[in-house]
Amino acid sequence: MNFATIKKYDVANGVGVRVSLFVSGCTHRCKGCFNAEAWDFSYGSPYTEQTEEEVLSAIDKSFIAGLSLLGGEPFEPCNQRALLPLLRKFRACFPQKTAWCYSGYTFDRDLRPGGRAYCEATDEMLSLLDVLVDGEFIEECKDLKLRFRGSSNQRIIDVPRSLAEGNVVLWKNGEY
């Protein structure tokens, strides 16, 4: 996997100050995407153990609320396999911090067994997330007033509650 950038002090992609990892590779190709250069799976730099250490080290500050994964597309199957070890280490080292992920794939269709992005890593990856912002960016639904999402079709999902209840439970603003 390659990554486009690491933002060590991000306040736009989840609650609080976060470390955001923007991965490379996306097959959605949403019209009006703010990060179209990251569609290319070879864009940016190779994701290595050193990259993982840099991300975890950046999170290890009291004022950092958590980790956000964006893209490109974190839930492309090849990216899931690369991100899973990072999420495991994140959870082990920072159980009190939150993990957010942004995906054009939908929780209840694409990330379920038989879904177009489902693979052997999906269930565990979802189990390590607190919040998933799902759904492709739709330029015609773009709304700059929305918090933590770009278009009104996208949902902010409370992943632990959704997994426990077996259906989509929307995140309530301010829970984290």
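Plus 77 on top of the position in the sequence shown (first one is 1) and you've got my numbering. Virtual Cβ for every residue (Gly too), placed ideally from N, Cα, C. Keep in mind that this is a model prediction, so the values were computed, not measured.
Excluding sequence positions up to five away, which residues of its chain have a Cβ less than 6 Å from the Cβ of N250? The residue you call residue 250 lines up with position 173 of the sequence shown. Answer for N250: no residue qualifies.
With the cut-off set at 9 Å, would you say L203 and V246 are in Cβ contact? Against the sequence shown, residue 203 aligns to sequence position 126. Against the sequence shown, residue 246 aligns to sequence position 169. No, Cβ-Cβ distance for L203 and V246 is not below 9 Å.
Between which two residues does the beta strand (DSSP E) harbouring R232 extend? Position 155 of the sequence shown holds residue 232. Element bounds for R232: R232 to D235.
Is the stretch 194 to 208 close to the stretch 164 to 182, with three or more CB pairs under 8 Å? With a cut-off of 8 Å, the stretch 164 to 182 and the stretch 194 to 208 count as touching, because enough Cβ pairs lie within range.
So, G149 versus F80, is the Cβ gap smaller than 9 Å? For this step, residue 149 is matched to residue 72 along the sequence shown. For this step, residue 80 is matched to residue 3 along the sequence shown. Contact flag set, yes.
Give the DSSP bridge partners of L147, in chain order. Within the sequence shown, numbered from 1, the residue matching residue 147 stands at position 70. DSSP output for L147 lists F99 as bridge partner(s).
For D200, which residues does DSSP report across the bridge? What you label residue 200 is simply residue 123 of the sequence shown in a count that begins at 1. D200 is not bridged to any residue.
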